Structures are given as structure tokens and as C-alpha cells.
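With the numbering used here as the guide, the letters of the sequence shown map in order to residues 298 to 709.
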Amino acid sequence: MIRKNGFDTSRYLSAQIKRIMERVNKFDKLYLEFGGKLRYDHHAARVLPGFALDTKVQMLKELGDTVEIIHCISAKAIEGRKIRRDFGLTYDEQILKDINDLKRIGLDVAAVVITRYSGEHTSNKFKQRLENRGINVFTTHEIPDYLTDLDKVVSDEGYGKFDYVETNKKIIIVTAPGPGSGKMSFAMSQIYHDRKKGITSNFAKFETFPIWNLPVNHPVNIAYEAATADLGDYNCIDSHHKEAYGVDVTNYNRDVENFSIIKKIIEKITPAGDPLADIKSPTDMGVNMAKEGIIDDDLVRQASIDEIVRRYYQYQRDFVEGNVTHDTLDRMDKIMQLVNAKPEHRVVAIRANEALEESLKVSHTIPREMHTGSAIEIQLKDSAPLIVTGKRSRILNSESAALLNAVKYLAG
298 MIRKNGFDTS RYLSAQIKRI MERVNKFDKL YLEFGGKLRY DHHAARVLPG FALDTKVQML
358 KELGDTVEII HCISAKAIEG RKIRRDFGLT YDEQILKDIN DLKRIGLDVA AVVITRYSGE
418 HTSNKFKQRL ENRGINVFTT HEIPDYLTDL DKVVSDEGYG KFDYVETNKK IIIVTAPGPG
478 SGKMSFAMSQ IYHDRKKGIT SNFAKFETFP IWNLPVNHPV NIAYEAATAD LGDYNCIDSH
538 HKEAYGVDVT NYNRDVENFS IIKKIIEKIT PAGDPLADIK SPTDMGVNMA KEGIIDDDLV
598 RQASIDEIVR RYYQYQRDFV EGNVTHDTLD RMDKIMQLVN AKPEHRVVAI RANEALEESL
658 KVSHTIPREM HTGSAIEIQL KDSAPLIVTG KRSRILNSES AALLNAVKYL AG
């Protein structure tokens, strides 16, 4: 069996860049909120076989001199030492890594914005670290009654007190190491300041998932629910879009729930008849063209189900380690049912359990409770996948043993 792709990155990039430029050309400036991972998107690569890990960076490089990047991070995340799972780095360390990685490939970060700032010592220390590296740092404070007193929010006592970040390019990428970093609030404050300066700036959201023009129950969208099962996010029909256009499209609960507030904020910032105020739904705010890159829907469906089962096992481990609650496990059980998936669907997990059983039978030199088994699926470009296993021993844990066995196989 030869490995196939279900997604064409080049085709997708062409459609995505065209869509973004359509938004830019109507205004002086576009604040483009980047959801998900900026540098490497492992989730997208798993559920969309053929999606290059650095697709978003490729897109930024193709947009070229029209782009500058601003990172947002919440002072609360710095204080709480919030960690990102993919690299195991705290949010502040992740930003430093992203800045270095982007600089290496010719993309500079124009500024870092510390949001919800109130003079915290940890934030001040991080600010100093950035400034010592020559990086511009700005702060925004927390506005009391942010969701209820919109007159204050859209005034000199609200957004007007936020630091204004001077920008020179047409497209301002607003990104963050994770959710809750204040990207939207920062972008809205910039538009508020811009409009007072006579700059007609626009706003759009770039999020790969859920894919708005695929059904709510498509496995690739269900896989997004699995990725955020610990947060309680779920896909739904965009009711605002349905009311405005009579068409069913997919969005997720928080965007749909918060849209009415965002719409009111935009209407207070912009004059009547402004194109930005013409947004009728959270889907209208998006520019996602991921569906255009899908060339084999069956393959994408299968990869998405594989990812859902992988997440199932991930949350089982997280539960044992005390990182999630029973609610997350219950939610994952329901998600598994939505796609008719079972734990044994993931063959590599079955082989890992078999390696554990084999270890228990043959080794008596380590305590029983320390026995583990691991398995790695090797997928070469032009061959069928191969599963290599490893067992715990006195000198190696099972993961290391599996890796060594995989290296032996690849070395011939």
C-alpha cells in the first residue's frame, strides 16, 4: 500500500491567499486573528493527510512584505505558568521560541502585547526579557464589565486606555500561544484607535477548524471537538448565518454565543454603512478555505477518526495524571460514539498493550507496576505502515526501546 494524501497544500494555499487578499483590498489595513498553532500545526497534519506542518508559515512567506506579526499573551497565563501541550513549554517560553523560529525563516515579530496586565512581577520580568532582546512590548489592562458595559469599552476609558501599536503593513497577524490570550480584544482596540486616526482597518479570523462549509458531524469537525474536549467546546450550526442567509454552516459554540457582543462593539467603533459593520455572522468574520484543499474526503474522514481515537487515549492518560476530570472522559465517550469509533480501532494502541503483556510474561527483574509497552507506527512514503514495539527493561523505558527498534528497522 502506498501512502496517499487527502489534502493538497498548494491548492489550499492558492485559495487561502486569494481569500485573504479579497478582505485586505477593501480597507487600509487588516487585523487577521490567527487561531490554533502558528509555526507547526500537528493537529491539521494528522486529520488532513498532506497538510504540511508549516503551511501557515508558508502562507505568511507568500504574503511577503504585506505582513507583520504581533503576539498576544495574557498576564494571567504568565502568572499561572500555563503550559502548551505540544512542546511542553509555558506560554511565555513558547512565544520566545516562536519569535526565534520565525526570525530564522525571515519573519520578524513586530511586537508582543501583554494583555490583562496589572503590574504583575512575572509579567514585568517577561517584558524585560523581551525588551533586552530588542522586541517591542506593549500592555493592555482588563476592562471591568467588559461584556456588559459596551459604552465604556468603546470609549477613551476602555479601548482608549490600551497601548496603541503602530503598524506599517497591510496585514497584521495577531497570534498567541493559546486561547484566552486577548487577541480579539487587542484587535478591536487597534481598530478603535485606527478609526480615530482616519485609518479604515478591517478584522477577520483565520481558524482552520471547524471547517465552516463541511457538515457539523463530518469527522474532521468532530476531531476538532475531540481536540477541545477538556474545554467543553462543541460544533454547532451558525444560527446568525442561518438567519441572515438561510444556509447551514458550521461554527463552534463560543464564536456563535459571543457574536452578538462583537457585532455591537464593531457597530460602536464604525460609522453607519461601513463594510466592517456589515458582518452578519461569525462565519462572515472568517476566511478559512481549508475545504478547497481536500482532494480525498474518504481519506480525511478516516484520518480524522484515527485522531479522535488518539485523543481518547490521550485523555485517558491525562485523567490518570490528574490533568482532566471525569467530564472530559464522558465527553470523549460521546464523541467516539458520534463517529462509531472504538478504542481498538487504533491498531498501534493494541500492539502497545500486546507489548505490555509480553513484557509481563518474560521479565521478572522490575516490579510489575513499572512494566509498560509502547508501539510506533512508521509510515514511509511508498510503503505500507509498519508497527514497531518496545518493552520496559532495567535500562530502557518502553518508549526508548520502541524508538531504538524503529531506528534499527530504518537502518536496515
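Where a beta carbon is used, it is the ideal one built from N, C-alpha and C, also for glycine.
Being a predicted model, the structure only gives us computed values, none of them experimental.
> Which runs of the beta strand (DSSP E) spanning at least 3 residues fall entirely within the region 521-594, listed in chain order?
Replying inline: 532-534 and 547-549
> Do you know whose CA, among I632, D460 and E674, lies nearest I411's CA?
Replying inline: Looking up residue 411 in the sequence shown gives position 114. Ranking I632, D460 and E674 by Cα distance to I411 puts D460 first.
>> If you reduce the DSSP assignment to three classes, tell me which class Y414 lands in.
In response: Walking along the sequence shown from the start, residue 414 turns up at place 117. The answer is coil: DSSP assigns Y414 none of H, G, I, E or B.
> Residues in its own chain within less than 7 Å of W509 by CB, not counting five upstream and five downstream?
Replying inline: Position 212 of the sequence shown, counted from the start, is the residue given in the question as residue 509. These residues qualify, in order along the chain: V546, T547, N548, T580, G583 and N585.
>> DSSP three-state label for F384, please.
In response: Position 87 of the sequence shown, counted from the first residue, corresponds to residue 384. Here F384 sits in coil by DSSP.
> What is the DSSP secondary structure of M298, reduced to helix, strand or coil?
Replying inline: Reading the sequence shown from its first residue, position 1 is the one you call residue 298. Low confidence applies here, because M298 scores a pLDDT of 38, under 50, leaving its location unreliable; read the following figure in that light. Correct three-state label for M298: coil.
> If you follow the alpha helix (DSSP H) that A703 is part of, which residue opens it and which one closes it?
Replying inline: Working through the sequence shown from its first residue, we reach residue 703 at position 406. Unbroken alpha helix (DSSP H) run through A703: S695 to A708.
> Where do the ends of the alpha helix (DSSP H) carrying E359 lie?
Replying inline: Counting from one through the sequence shown, the residue named residue 359 turns up at place 62. Counting along the chain, the alpha helix (DSSP H) containing E359 begins and ends at T352 to L360.
>> Please classify D624 as buried or exposed, where buried requires at least 16 other C-beta atoms within 10 Å of its C-beta.
In response: Residue 624 sits at position 327 when you count from the first residue of the sequence shown. It counts as exposed.
>> I believe A710 touches V462 by the beta-carbon criterion, under 8 Å. Please report the beta-carbon distance rounded to the nearest angstrom.
In response: The displayed coordinates of the chain run from 298 to 709. Any statement about residue 710 would go beyond what the structure contains.
> When DSSP labels each residue in this structure, what does F423 get in the three-state scheme?
Replying inline: The sequence position of residue 423 within the sequence shown is 126, counting from 1. Looking at F423 - three-state DSSP - the assignment turns out to be helix.
> Which residue comes first and which comes last in the alpha helix (DSSP H) that contains Y489?
Replying inline: Looking up residue 489 in the sequence shown gives position 192. Residues K480 to K493.
> Between the Cα of Q599 and the Cα atoms of A638, E618, I563 and M629, which residue gives the shortest distance?
Replying inline: By 1-based counting over the sequence shown, the position of residue 599 is 302. Of A638, E618, I563 and M629, the residue nearest in Cα terms is A638.
> Does the separation of the CB atoms of R378 and T387 fall below 8 Å?
Replying inline: Working through the sequence shown from its first residue, we reach residue 378 at position 81. Working through the sequence shown from its first residue, we reach residue 387 at position 90. A contact, by the Cβ cut-off of 8 Å.
>> For a test of the three-state rule: what should DSSP assign to H623, helix, strand or coil?
In response: Numbered from its first residue, the sequence shown carries residue 623 at position 326. Here H623 sits in helix by DSSP.
> Going by other Cβ atoms of all chains shown within 10 Å of its Cβ, with 16 needed for buried, is E454 buried or exposed?
Replying inline: For the purposes of this step, residue 454 is identified with residue 157 of the sequence shown, where counting begins at 1. When all chains shown are included, E454 counts as exposed.
> Taking the C-alpha atoms as reference points, what is the distance between I299 and P512?
Replying inline: As a first step, residue 299 must be located in the sequence shown, where it is residue number 2. As a first step, residue 512 must be located in the sequence shown, where it is residue number 215. At I299 the pLDDT is 46, less than 50, meaning the model places this residue with poor confidence; the figure from the coordinates comes in the next sentence. Cα to Cα, I299 sits roughly 29 Å from P512.
> At what residues does the beta strand (DSSP E) containing S371 begin and finish?
Replying inline: Start at 1 with the first residue of the sequence shown, and residue 371 comes out as number 74. Segment V364 to S371, the beta strand (DSSP E) holding S371.
> In whole angstroms, what separates the C-alpha of S486 from that of I440?
Replying inline: Position 189 of the sequence shown, counted from the first residue, corresponds to residue 486. Position 143 of the sequence shown, counted from the first residue, corresponds to residue 440. Answer to the nearest angstrom: the Cα atoms are 12 Å apart.
> If you draw a straight line from the C-alpha of E319 to the C-alpha of S415, how long is it?
Replying inline: Position 22 of the sequence shown holds residue 319. Position 118 of the sequence shown holds residue 415. Answer to the nearest angstrom: the Cα atoms are 38 Å apart.
> Taking Cβ positions, are I470 and I366 nearer each other than 8 Å?
Replying inline: Your numbering for residue 470 matches position 173 in the sequence shown. Your numbering for residue 366 matches position 69 in the sequence shown. For I470 and I366, yes; Cβs fall inside 8 Å.
> Between S435 and D389, which are expected to be in contact by the criterion C-beta below 8 Å, what is the C-beta distance as a whole number of angstroms?
Replying inline: For the purposes of this step, residue 435 is taken as residue 138 along the sequence shown, with counting starting at 1. For the purposes of this step, residue 389 is taken as residue 92 along the sequence shown, with counting starting at 1. With the sequence shown as reference, residue 435 is identified as Phe, and Ser is not the correct amino acid for it. Actually they are not in contact, since the Cβ atoms of F435 and D389 sit about 15 Å apart, beyond 8 Å.
> Which one of T445, S478, P568 and Q355 has the shortest CA to CA distance from T437?
Replying inline: Within the sequence shown, numbered from 1, the residue matching residue 437 stands at position 140. Taking only the C-alpha atoms, the option nearest T437 is S478.
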